[in-house]
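In what follows, a single structure is set out as structure tokens and then discussed.
Protein chains: 2
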Amino acid sequence: MSDEYQRRLAPAALLAQDRSLERWVSIPDQVAGLYRIWRPTPLYRARALERELDTPAEIYFKYEGQSPSGSHKLNSALAQAYYAKQEGVGRLVTDTGAGQWGSALALAGALIGIEVTVYMVRASYHHKPGRRHLMETYGATVLPSPGTTTAAGRSFLSQDPEHPGSEATAVTEALEVVRSDPDARFSMGAFANHVLLHQTVIGLEAREQLALAGASDVDYLVASVGCGSNLGGLMLPWMADKLRGAQITMLGVEPTACPTLTQGEYRWDYADAMGQGPSTRTYTLGHEFVPPPIHAGGLRYHGAAPLVGLLRHEGILDAIAYRQTEVFSAGALFARLTGLVPAPETAHAIRAVIDIARRCREQSRKATILFSYSGHGLLDLGAYGRFNSGELQDVESLEQSTDSPRPPAFQEVSA
Amino acid sequence: MSDEYQRRLAPAALLAQDRSLERWVSIPDQVAGLYRIWRPTPLYRARALERELDTPAEIYFKYEGQSPSGSHKLNSALAQAYYAKQEGVGRLVTDTGAGQWGSALALAGALIGIEVTVYMVRASYHHKPGRRHLMETYGATVLPSPGTTTAAGRSFLSQDPEHPGSEATAVTEALEVVRSDPDARFSMGAFANHVLLHQTVIGLEAREQLALAGASDVDYLVASVGCGSNLGGLMLPWMADKLRGAQITMLGVEPTACPTLTQGEYRWDYADAMGQGPSTRTYTLGHEFVPPPIHAGGLRYHGAAPLVGLLRHEGILDAIAYRQTEVFSAGALFARLTGLVPAPETAHAIRAVIDIARRCREQSRKATILFSYSGHGLLDLGAYGRFNSGELQDVESLEQSTDSPRPPAFQEVSA
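Chains as they are written, first to last, in my numbering: chain A, 1 to 415; chain B, 1 to 415.
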């Protein structure tokens, strides 16, 4: 990958953040001001869930679903739009699957004043149009991928006029546009170090709030993991404590349909599905891996962010995988107990929290659990509808069947 | 209407609240505890909107969209479920159009522990299933109206097997169930005095918050109005001030498609569309009036709550009507400026606030405006999609056309 191409890939300030050795990077005033639309997000204690499980554990969650775009993604989107605007970039181009990241960047563009173009996986564009309407309401241009605006898109369509699209086609089209428009930059919703950096506002706020609640000694940190921007954002602020010996179990929760951290390999691989580069060393299922269609679109990615892969490789991060129906079962229980309908991604974390809390009951063990409620599920109610009516299927990969044994339970540091 | 029937219509505590002469009615501890899931709701100042309009007016809004069920409706739903539970009622039965009220009561039932059955207008049940999935996720039984579970429903279907349903069919079926099940009570989402009483938590909180923000002298109170539970909830806490001479303009905003307060009559009429009773004196378009299909389903009601009708009749409440496209235009602008996508109902209030703030600019006049952001529009994105693509139509009634002159502007008390 040439230097010229890398310069064009993202605003220079973000590439510098990727390589920064500074412990603290200030949040620019304008970004901090915009965060005040919904931040600090509440830290809730899930007392109804504790009662339901009859557990001695204390369960806290950081409620990122309060963001106007619906998830934690807006934390990084605003920062990226800000730095792009500072550098005179005219347009940010990105890819989106179900649309959480695209919605966040569309809103950031509206608030900061920068044009946003989103290539959205064609099947979602047509069949799950809610977030497309949201992005368009925020003023973004949303195009189905594959589509006819790029050479790559036309090529995909000539091979299959009914091509449903994928993250791979969307990234490929977005990168083609960035290469041909000097005024444009590519914007990443996860993976890169700068994205995880921006997301640490989640964990930093949560630490202060837990201290106010008198629960500063956390035993479990739990987050769903696709690439890991939500997980990194929650957990990185505790990393120094953990490396100094604090007894904290850090648990990433993923779908059995895309079991990157529980069944992937730690090796060099491409971040993009086309193998165009750059390549990085991380946990991966292989860049050509295509996960089956599950509703947690944000967790359908073959590789972990390099920082998250390293933490897993070093034995600092534990991981567990769950099947789709057991995840939705946890999400629906949480909705009935609290009123909050979690995104399918978030429901993965809740599923794991429930199992940890039950183990605490069996062992009569007090513990403080904190998980990231990464986003709301109000645009995923169709999937809950399928779950409610018994239509939802478990879709597995890697030759698992729904009868196959579970991936081995995670190793608990503090058990 | 017999006493027996009236007793069966609602829990006794709620009927007593309808007739109470007490100035203050305490919120029960359990209800207050559950309010803490999302209350107090934030009071925001819409600085971005002020800048966009270049107005000297200060614009505040009370953000009821933060409720887990999505709107202010949960304020009354929790209180109603609580009193029903106290009196040993086994089941609450209700009607819902687009589902805001049904979602709120379904969640209240889950949190309080009481069964909920919702008759949902059949067209919405099938074509706008989001809130149906939400109600079912909360554990409620949701039935399309007309349906086959009641004699009335079967009768409607025998007349027209493709009957799309209406509030009228849904109420009729719900009341039939309540008459036949001694363990059941009917639950109303609006209209009754007790519903408006429960909603005053909106205005009471807002008064305290405005005082904290140093803006206690409000000049305009603005709310969308279907029956008026949202409007009453916001404005009733200022009524004593207004009656003592405070210069406050109280403005109800309704659709031109259902112009109850701007074109209705003040007279005795039935609250239900079948004319079964009871009848009350209020502003009404006639109980047989069927408004055309607009997306603001919550504003499609022929009559105002009696308290709201009285305020209009006494000249205390002003009113204005807007067309659907100008309402969505205001909602989309608000979304781009703040990230918050308002429900179509809420967008009516925003439309009026924009016009007031523009007049303040023209007159170089400072003013403090407070409106109720009654609910979020995340389950109404299909309607925004139609607006974005230019497909949304204005649908009028009462022989208006889109070219017809606007209803006369409201009289401003403070101008």
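Backbone N, C-alpha and C fix where the C-beta goes; we use that ideal spot for every residue, glycine too.
### Message
Give me the subset of the region 331-349 of chain B whose CB atoms are less than 8 angstroms from a CB atom of chain A, sorted by chain position.
### Response
Ala332, Ala335, Arg336, Leu337, Thr338, Gly339, Leu340 and Val341
### Query
How about A/His133: is its C-beta nearer than 8 angstroms to some C-beta of chain B?
yes
#### Entry: Residues near A/Gln209 in its chain [Cβ-Cβ closer than 7 angstroms; skip 5 each side]
Leu43
### Pairwise C-alpha distance: A/Val195 and B/Pro68
29 angstroms
### Message
8 angstroms is my cut-off, CB to CB: does A/Gly130 come that close to chain B?
### Response
yes
### Query
Would a check of beta-carbon distances place B/Ser76 closer than 8 angstroms to chain A?
no
### Task
With 9 angstroms as the limit, tell me which residues of the region 133-148 of chain A have their beta carbon closer than that to any beta carbon of chain B; keep them in chain order.
His133, Leu134, Glu136, Thr137, Tyr138 and Gly139
#### Entry: Members of the region 365-395 of chain A near chain B, C-beta cut-off 7 angstroms
Leu378, Leu379, Leu381, Gly382, Tyr384, Gly385 and Asn388
### Task
Check the Cβ of B/Glu110 against every Cβ in chain A and list those closer than 7 angstroms, keeping chain order.
What sits at residue 110 of chain B in the sequence shown is Ala, not Glu. In chain order: Arg336.
### Chain-ordered chain A contacts of B/Leu107 [CB-CB under 8 angstroms]
Gly339
### Task
List the residues of chain B whose Cβ lies closer than 9 angstroms to the Cβ of A/Thr69, in chain order.
According to the sequence as given, residue 69 of chain A is Ser; it is not Thr. Simply Gly339.
#### Entry: A/Val171, DSSP secondary structure in three states
helix
### Query
With distances taken from CA atoms, which of A/Val116, A/Val171 and A/Cys360 is nearest A/Tyr301?
A/Val171
### Query
Considering only residues of the same chain and omitting the five flanking positions on each side of A/Leu307, which have a CB-CB separation below 8 angstroms?
Asn193, Leu196, Gly228, Gly232 and Leu236
### Query
How do the region 46-55 of chain B and the region 380-399 of chain A stand: do at least 3 beta-carbon pairs fall below 8 angstroms, yes or no?
no
### Message
Checking 8 angstroms against the spacing of the C-beta atoms, do B/Glu173 and B/Tyr220 come in under that value?
### Response
no
### Members of the region 19-44 of chain A near chain B, C-beta cut-off 7 angstroms
Ile37
### Query
Are there 16 or more other CB atoms within 10 angstroms of the CB of B/Pro255, so buried, or fewer, so exposed?
buried
### Task
Below 6 angstroms CB to CB, which residues in the same chain sit around A/Trp101 once its five sequence neighbours on both sides are set aside?
Lys73 and Gly189
### Query
Based on the DSSP secondary-structure assignment, which residues constitute the bridge partners of B/Asp95?
B/Tyr119
### Query
Can you give the Cα-Cα distance for A/Val89 and A/Gln30, rounded to whole angstroms?
17 angstroms
### Task
Indicate whether the contact test is met: 3 or more Cβ pairs, each with one atom in the region 84-99 of chain B and one in the region 245-265 of chain B, closer than 8 angstroms.
no
### Query
Do we get a CB-CB distance below 8 angstroms when we pair A/Asp217 with the residues of chain C?
As a matter of chain content, chain C is missing from the structure shown, whose protein chains are A and B.
### Query
Excluding sequence positions up to five away, which residues of its chain have a Cβ less than 7 angstroms from the Cβ of A/Lys128?
Ala98
#### Entry: Residue-level contact to chain B via CB, A/Val327, 8 angstroms cutoff
no
### Task
Please report the Cβ distance between A/Ile350 and A/Gly331, rounded to the nearest whole angstrom; I am assuming they are in contact, meaning their Cβ atoms lie under 8 angstroms.
6 angstroms
#### Entry: Collapsed DSSP secondary structure at B/Phe289 in the structure displayed
coil
### Message
Once DSSP output is grouped into helix, strand and coil, what is the label at A/Thr346?
### Response
helix
### Query
Is A/Ala10 close to chain B, meaning its C-beta is less than 8 angstroms from at least one C-beta of that chain?
no
### Task
In angstroms with no decimal places, state the Cα-to-Cα distance between B/Arg281 and B/Leu317.
16 angstroms
### Task
Return the chain-ordered list of same chain residues with a C-beta closer than 6 angstroms to the C-beta of A/Thr150, the five sequence neighbours on each side being excluded.
Glu173 and Glu176
### Task
Compute the distance between the beta-carbons of A/Leu234 and A/Ala246, then report whether it is under 8 angstroms.
no
### Query
If we count the other Cβ atoms within 10 Å of its Cβ and call it buried at 16 or more, is B/Ser401 buried or exposed?
Confidence is the limiting factor: at B/Ser401 the pLDDT is only 40, short of 50, which leaves the residue's position unreliable and the question unanswerable from this model.
### Query
With DSSP run on the structure shown, which of helix, strand or coil describes B/Pro146?
coil
### Message
Just to confirm my understanding: we take B/Gln199, look at its own chain, exclude 5 residues before and 5 after, and list those with CB closer than 7 angstroms. What are they?
### Response
His72, Asn75, Ser76, Ser229, Asn230, Gly232 and Gly233
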